[in-house]
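Peer 1: Mind having a look at this structure? Questions to follow.
2 protein chains.
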Amino acid sequence: MVHCSLERMKDKIATFSRFGDTGHGGITRFSLSSEVLAARAEFKKRMAAIGATVVTDDMANMYATLPGTEPLKAIVSGSHLDSVRQGGNYDGVLGVMSAMEALETIATEKIPHRHPLTAMVWTNEEGARFEPAMMSSGVICGKFTKEKMLASVAKDQPGYTFGEALAASGYVGDEANRLSPDKQCALIELHIEQGPVLEAEGYDIGVVDGVCGMINYEFTFIGQADHAGTTPMKYRKDALYAAVKAIQYLHDELDKLDPALVYTTGKISAHPNIHTIIPDEVKFTIDARHYDPAVIEQVLAVIRKMPDEIVGCKVSYAEAWARKSVAYDPLLVDTVEESAVACNYSHMRIHSGPGHDAQYVADILPTSMIFVPSVEGHSHCELEYTPAEACAKGVDVLIQTLLSLDRKLG
Amino acid sequence: MVHCSLERMKDKIATFSRFGDTGHGGITRFSLSSEVLAARAEFKKRMAAIGATVVTDDMANMYATLPGTEPLKAIVSGSHLDSVRQGGNYDGVLGVMSAMEALETIATEKIPHRHPLTAMVWTNEEGARFEPAMMSSGVICGKFTKEKMLASVAKDQPGYTFGEALAASGYVGDEANRLSPDKQCALIELHIEQGPVLEAEGYDIGVVDGVCGMINYEFTFIGQADHAGTTPMKYRKDALYAAVKAIQYLHDELDKLDPALVYTTGKISAHPNIHTIIPDEVKFTIDARHYDPAVIEQVLAVIRKMPDEIVGCKVSYAEAWARKSVAYDPLLVDTVEESAVACNYSHMRIHSGPGHDAQYVADILPTSMIFVPSVEGHSHCELEYTPAEACAKGVDVLIQTLLSLDRKLG
Chain A
1 MVHCSLERMK DKIATFSRFG DTGHGGITRF SLSSEVLAAR AEFKKRMAAI GATVVTDDMA
61 NMYATLPGTE PLKAIVSGSH LDSVRQGGNY DGVLGVMSAM EALETIATEK IPHRHPLTAM
121 VWTNEEGARF EPAMMSSGVI CGKFTKEKML ASVAKDQPGY TFGEALAASG YVGDEANRLS
181 PDKQCALIEL HIEQGPVLEA EGYDIGVVDG VCGMINYEFT FIGQADHAGT TPMKYRKDAL
241 YAAVKAIQYL HDELDKLDPA LVYTTGKISA HPNIHTIIPD EVKFTIDARH YDPAVIEQVL
301 AVIRKMPDEI VGCKVSYAEA WARKSVAYDP LLVDTVEESA VACNYSHMRI HSGPGHDAQY
361 VADILPTSMI FVPSVEGHSH CELEYTPAEA CAKGVDVLIQ TLLSLDRKLG
Chain B
411 MVHCSLERMK DKIATFSRFG DTGHGGITRF SLSSEVLAAR AEFKKRMAAI GATVVTDDMA
471 NMYATLPGTE PLKAIVSGSH LDSVRQGGNY DGVLGVMSAM EALETIATEK IPHRHPLTAM
531 VWTNEEGARF EPAMMSSGVI CGKFTKEKML ASVAKDQPGY TFGEALAASG YVGDEANRLS
591 PDKQCALIEL HIEQGPVLEA EGYDIGVVDG VCGMINYEFT FIGQADHAGT TPMKYRKDAL
651 YAAVKAIQYL HDELDKLDPA LVYTTGKISA HPNIHTIIPD EVKFTIDARH YDPAVIEQVL
711 AVIRKMPDEI VGCKVSYAEA WARKSVAYDP LLVDTVEESA VACNYSHMRI HSGPGHDAQY
771 VADILPTSMI FVPSVEGHSH CELEYTPAEA CAKGVDVLIQ TLLSLDRKLG
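Taken in order, these protein sequences are the chains called A and B.
Note that my numbering has the first sequence beginning at 1, numbered continuously upward.
Note that my numbering has the second sequence beginning at 411, numbered continuously upward.
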């Protein structure tokens, strides 16, 4: 069994953690910022050092490829280097470092492989500076038009577009280099779980078989603003109390559905939001996710059954967005699972709740993902942590999966 | 029976509505602003026109006095000219215009009176620009120290103090002119109800027998912020759901208390308030008011009985402020009631929910208030409205009350 180098992984984690270091255990490394460009240079340097050829496409996605022994399509692994503001040292970058480590191990130990093997960096996964998230994989997989994306304006710099940042980055390459079924045959993305399940259930590896579908709705309650001291209870139309009743209704009804359903009322606002005035408008969001579209349909039925009026307030709702479930490729999912078994690491099948570049790629290439545990489930914060030893187990499974696919795929 | 002049009242309402006119049916007339100074000049001009002597005290409160036929203390009526942002044309200013109209009627119709009669303007009742509310009555009645009030900084102008605005106003007079039991013997403040009760119950006049006591508490719920897509329901500590349970608990328990109790959860905030993150901190306020301190004590008991932990979240609360009930002077309250009877206007006894300058004055002088109906209970907004005819009924009762007190008081 091939093992990666724990020391080399630790060195990579320490090195990449410096690019955008906040000084408080995390990083702020926005897409196409000087911090992310430094991280890209490090990727390029290390990949060149093992003899990989590094090219970029027109969205500045990077591809570092070790040639195979046969004229076959490449097997790809990778993720992104950009982060949210005050993010952690694992979301995204761990998938890049794992792909690097896999190629470094295979190159250093001179393990023969028929297919070219590619380590990849996606441009702008987080969307923290330029919206939307998963921008470049979205362009390449036909979700977004490139023109519209080039016009996306930096949240931190009025008028400065993604197109300008891209041109200034020095990483714009040929559109012909884009990931495509003509040149690549499979993609595996390793990522931290970003949730508590693997740690709580005691598993080393999450074998990701798909991405949960989700819906996001915003509810609005319209009541009547009146003075807290002058309006008897019987005359009130309290929009906050109506919202409270509605949230309780959603909990009561949604808790009857499949226990794997997750739903969240994360955002609430009240108007005028003054302690001495009865709120006349309250809004809250509900985000609901499940792998089975039938369960999402049940959630919608619960929403539709909500009364039009609660405690005298008018209730309305609108879909903010929705995402269909994505099923990863069964052969690749099975291969990840077999690889975990071969490595003797404990593992469970899991769906991804958050979105990843891999879910767009699943539309054009056989795709799967490997999750490693997130300590206490923290993510998108400086507390985000996965011990190097747990990361290395993920890399071992990734190496095993790449080599197994190298044997299985034509 | 003496009646005021409806035409003269309509003219005053139209005239004062121009000072700070927002163009949308209301006014923004902050304390000591140029808009309020124009209104003060109008008050001074009209009071001088009927032969009243106008003086101010060191807090710029204005006193326009018609001399009486005997060397007695003055009977006072008045309110304030300042408004909240985008307030209405009645809150405060109606009490000033009513006092003016009462004096104008008495002067014009040459009605003899033993006591001096004073129409009064309080400086900065709303606290919309310089906190706190009821600032000048608070200083004069010993609630606040003048030095601290002079240092109060404008909310709309960093560094600019109430003291500077006062000095620039041109209305600073002698401290010896302050309202005091040495020179005044009673105060009646006419005000709009700012609530729906008089209109809904079909009464012309509210005979205000006191001000409700109130408490204001802020609750805090501490949970755990986690990703909406990765955290199974069983691992969650959802601070918003805890707050929802708490608000429902408060409604369930407080609704069992006296039906005259009013309570309001007017302000809520969630952190980080992002639709894809389970809130880790939610705060909301509760404002509860009742005339009987025993009922307020029952509210506190309900609050104290709240569990320390709800759905895994830590619950805490703190008093933001509290106000004791104020009972108005029985002789004055009875006199207002008798005056409403004499005028043949329908009337009910009522407590004031909001605070008014009169409640501070009640500590140093016999005091009461007269309420007139607010259409649909609107107040502190541009929709605030009381028909001129309904205002005039209030003025009639005020005139009757002043003349009756003139006979009764020594």
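Ideal Cβ placement from N, Cα and C applies to all residues, glycine included.
Under 6 angstroms Cβ to Cβ from Gly138 of chain A, same chain only, skipping five residues before and after it: list those, please.
Peer 2: In the first sequence, residue 138 of chain A corresponds to position 138, counting from 1. If we look at Gly138 of chain A and ignore the five residues flanking it on each side, its Cβ neighbours are Phe144 and Tyr360.
Peer 1: Where in the region 315 to 394 of chain A do unbroken runs of the alpha helix (DSSP H), each at least 4 residues long, occur, reported from the N-terminal end onward?
Peer 2: DSSP runs (the alpha helix (DSSP H)) wholly in the region 315 to 394 of chain A: 330 to 343 and 357 to 361.
Peer 1: Can you check DSSP and say which residues form a bridge with Asp702 of chain B?
Peer 2: What you label residue 702 of chain B is simply residue 292 of the second sequence in a count that begins at 1. DSSP lists no partner for Asp702 of chain B.
Peer 1: Given a cut-off of 8 angstroms, decide if Phe162 of chain A and Phe219 of chain A are closer than it, judged by their beta-carbon atoms.
Peer 2: One-based indexing of the first sequence puts residue 219 of chain A at position 219. One-based indexing of the first sequence puts residue 162 of chain A at position 162. It is not a contact, given that the beta carbons lie outside the stated cut-off.
Peer 1: Kindly say whether Asp614 of chain B, judged by its beta-carbon, lies nearer than 8 angstroms to any beta-carbon of chain A.
Peer 2: Indexing the second sequence from 1 puts residue 614 of chain B at position 204. Cβ-Cβ to chain A under 8 angstroms: no for Asp614 of chain B.
Peer 1: Which residues in chain B sit within 8 angstroms of Met214 of chain A, going by Cβ to Cβ distance?
Peer 2: The residue labelled residue 214 of chain A in the question sits at position 214 within the first sequence. Near Met214 of chain A (Cβ distances below 8 angstroms), the residues of chain B are Gly639.
Peer 1: Would you mind stating whether Ser192 of chain A and Asp82 of chain A have Cβ atoms separated by less than 8 angstroms?
Peer 2: What you label residue 192 of chain A is simply residue 192 of the first sequence in a count that begins at 1. What you label residue 82 of chain A is simply residue 82 of the first sequence in a count that begins at 1. Note on identity: in this sequence residue 192 of chain A is Ile, with Ser being the wrong assignment. Cβ distance not < 8 angstroms, so Ile192 of chain A and Asp82 of chain A don't count as in contact.
Peer 1: Beta-carbon of Glu794 of chain B versus every beta-carbon of chain A: anything under 8 angstroms?
Peer 2: The residue given as residue 794 of chain B occupies position 384 in the second sequence. With 8 angstroms as the cut-off, Glu794 of chain B does not count as an interface residue toward chain A.
Peer 1: According to the neighbour-count rule (16 or more other Cβ atoms, all chains shown, within 10 Å of its Cβ), is Thr425 of chain B buried or exposed?
Peer 2: Along the second sequence, read from residue 1 onward, the residue named residue 425 of chain B stands at position 15. It counts as exposed.
Peer 1: What does the Cβ neighbour count give for Thr69 of chain A, buried or exposed, with the cut at 16 atoms within 10 Å?
Peer 2: Indexing the first sequence from 1 puts residue 69 of chain A at position 69. Result: exposed.
Peer 1: Short of 7 angstroms Cβ to Cβ, which residues in the region 274 to 294 of chain A face chain B?
Peer 2: Of all residues in the region 274 to 294 of chain A, Ile274, His275, Thr276, Ile277, Ile278, Pro279, Thr285, Asp287 and Arg289 have a Cβ within less than 7 angstroms of some Cβ in chain B.
Peer 1: From Leu94 of chain A to Ala294 of chain A, what distance separates their C-alpha atoms?
Peer 2: Locating residue 94 of chain A in the first sequence gives position 94, where the first residue counts as 1. Locating residue 294 of chain A in the first sequence gives position 294, where the first residue counts as 1. Approximately 34 angstroms, taken between the alpha carbons.
Peer 1: Comparing alpha-carbon positions, which option in B:Thr640, B:Glu452 and B:Pro669 lies nearest His378 of chain A?
Peer 2: Taking the first sequence and counting its residues from 1, the one referred to as residue 378 of chain A is at position 378. Ranking B:Thr640, B:Glu452 and B:Pro669 by Cα distance to His378 of chain A puts B:Thr640 first.
Peer 1: Can you list the residues of chain A that Ile657 of chain B reaches, using a CB-CB cut of under 8 angstroms?
Peer 2: Residue numbering aside, residue 657 of chain B sits at position 247 when the second sequence is read from its first letter. Simply Leu240, Tyr241 and Val244.
Peer 1: So what's Ser590 of chain B in DSSP terms, helix, strand or just coil?
Peer 2: For the purposes of this step, residue 590 of chain B is taken as the residue at position 180 of the second sequence. Looking at Ser590 of chain B - three-state DSSP - the assignment turns out to be coil, as it is neither helix nor strand.
Peer 1: Candidates B:Val494, B:Asp806 and B:Leu589: which alpha carbon is nearest Trp532 of chain B's?
Peer 2: Taking the first residue of the second sequence as position 1, residue 532 of chain B is located at position 122. Taking only the C-alpha atoms, the option nearest Trp532 of chain B is B:Leu589.
Peer 1: Could one say the Cβ of Ala200 of chain A lies closer than 8 angstroms to chain B's Cβ atoms, at least one of them?
Peer 2: Your numbering for residue 200 of chain A matches position 200 in the first sequence. Ala200 of chain A counts as touching chain B.
Peer 1: Skipping 5 residues on each side, what residues in its chain have a beta carbon closer than 8 angstroms to that of Tyr235 of chain A?
Peer 2: To locate residue 235 of chain A, count along the first sequence from 1; it is residue 235. Taken in chain order, the residues that qualify are Asp226.
Peer 1: Do you know whose CA, among B:Ser443, B:Ala670, B:Leu775 and B:Leu741, lies nearest Pro591 of chain B's CA?
Peer 2: Residue 591 of chain B sits at position 181 when you count from the first residue of the second sequence. Minimum Cα distance to Pro591 of chain B is reached at B:Leu775.
Peer 1: Within the continuous beta strand (DSSP E) that includes Tyr63 of chain A, where are the two ends?
Peer 2: Numbered from 1 along the first sequence, position 63 holds the residue referred to as residue 63 of chain A. Start and end: Met62 to Leu66.
Peer 1: Return yes when the Cβ of Ile106 of chain A is within less than 8 angstroms of the Cβ of Leu72 of chain A, no when it is not.
Peer 2: Mapped onto the first sequence, residue 72 of chain A falls at position 72. Mapped onto the first sequence, residue 106 of chain A falls at position 106. In this structure, Ile106 of chain A does not lie closer than 8 angstroms to Leu72 of chain A by Cβ.
Peer 1: Hey, out of B:Met643, B:Thr811 and B:Ala474, whose CA is closest to Pro526 of chain B's CA?
Peer 2: Translated into the one-based positions of the second sequence, residue 526 of chain B becomes position 116. Among B:Met643, B:Thr811 and B:Ala474, the Cα nearest to that of Pro526 of chain B belongs to B:Ala474.
Peer 1: The alpha helix (DSSP H) with Leu664 of chain B in it runs from where to where?
Peer 2: Taking the first residue of the second sequence as 1, we reach residue 664 of chain B at position 254. Element bounds for Leu664 of chain B: Ala649 to Leu664.
Peer 1: Starting from the beta carbon of Ala270 of chain A, find every residue of chain B whose beta carbon is closer than 8 angstroms, and list them in chain order.
Peer 2: Here residue 270 of chain A refers to the residue found at position 270 when the first sequence is read from its first residue. Residues of chain B passing the Cβ test: Gly676, Lys677 and Ile678.
Peer 1: Tell me which residues of the region 247 to 261 of chain A have at least one Cβ-Cβ distance to chain B shorter than 8 angstroms, keeping chain order.
Peer 2: Answer set for the region 247 to 261 of chain A: Ile247, Gln248, His251, Asp255, Pro259, Ala260 and Leu261.
Peer 1: Considering only C-alpha positions, which residue in the set B:Val751, B:Ala711, B:His700 and B:Pro689 is nearest to Lys724 of chain B?
Peer 2: Your numbering for residue 724 of chain B matches position 314 in the second sequence. Taking only the C-alpha atoms, the option nearest Lys724 of chain B is B:Pro689.
Peer 1: Taking Met507 of chain B as the reference, which of B:Cys791, B:Glu519, B:Gly580 and B:Ala529 has the closest Cα?
Peer 2: What you label residue 507 of chain B is simply residue 97 of the second sequence in a count that begins at 1. Nearest of B:Cys791, B:Glu519, B:Gly580 and B:Ala529 to Met507 of chain B, Cα basis: B:Ala529.
Peer 1: Under the rule that 16 or more other beta-carbon atoms within 10 Å means buried, what is Arg40 of chain A, buried or exposed?
Peer 2: Residue numbering aside, residue 40 of chain A sits at position 40 when the first sequence is read from its first letter. Buried, because 16 or more other Cβ atoms sit within 10 Å of the Cβ of Arg40 of chain A.
Peer 1: Would the beta-carbon of Asp357 of chain A fall within 8 angstroms of that of Glu189 of chain A?
Peer 2: Here residue 357 of chain A refers to the residue found at position 357 when the first sequence is read from its first residue. Here residue 189 of chain A refers to the residue found at position 189 when the first sequence is read from its first residue. Closer than 8 angstroms, so yes.
Peer 1: Please state whether DSSP places Lys565 of chain B in a helix, a strand or coil.
Peer 2: Taking the first residue of the second sequence as position 1, residue 565 of chain B is located at position 155. Note: Lys565 of chain B maps to coil in three-state DSSP.
Peer 1: Per DSSP, what kind of secondary structure is Ile460 of chain B in: helix, strand or coil?
Peer 2: As a first step, residue 460 of chain B is located in the second sequence; it is residue number 50 there, counting from the start. Coil, per DSSP.
Peer 1: Using beta-carbon positions only, say whether Asp204 of chain A and Ser17 of chain A come within less than 8 angstroms of one another.
Peer 2: Here residue 204 of chain A refers to the residue found at position 204 when the first sequence is read from its first residue. Here residue 17 of chain A refers to the residue found at position 17 when the first sequence is read from its first residue. No, the pair does not count as a contact, with Cβ atoms beyond the cut-off.
Peer 1: Helix, strand or coil: which one does DSSP assign to Gly213 of chain A?
Peer 2: Taking the first residue of the first sequence as position 1, residue 213 of chain A is located at position 213. Three-state DSSP puts Gly213 of chain A in a strand.
Peer 1: Does the distance from the C-beta atom of Thr265 of chain A to that of Leu650 of chain B stay below 8 angstroms?
Peer 2: Looking up residue 265 of chain A in the first sequence gives position 265. Looking up residue 650 of chain B in the second sequence gives position 240. Yes, the pair counts as a contact, with Cβ atoms nearer than the cut-off.
Peer 1: Helix, strand or coil for Glu536 of chain B? Go by DSSP, reduced to three states.
Peer 2: Position 126 of the second sequence, counting from 1, holds the residue named residue 536 of chain B. Residue state, collapsed to three classes: coil.
Peer 1: Alpha carbon to alpha carbon, how far is Asp308 of chain A from Ile222 of chain A?
Peer 2: Here residue 308 of chain A corresponds to residue number 308 of the first sequence, with the count starting at 1. Here residue 222 of chain A corresponds to residue number 222 of the first sequence, with the count starting at 1. For Asp308 of chain A and Ile222 of chain A, the distance between alpha carbons rounds to 11 angstroms.
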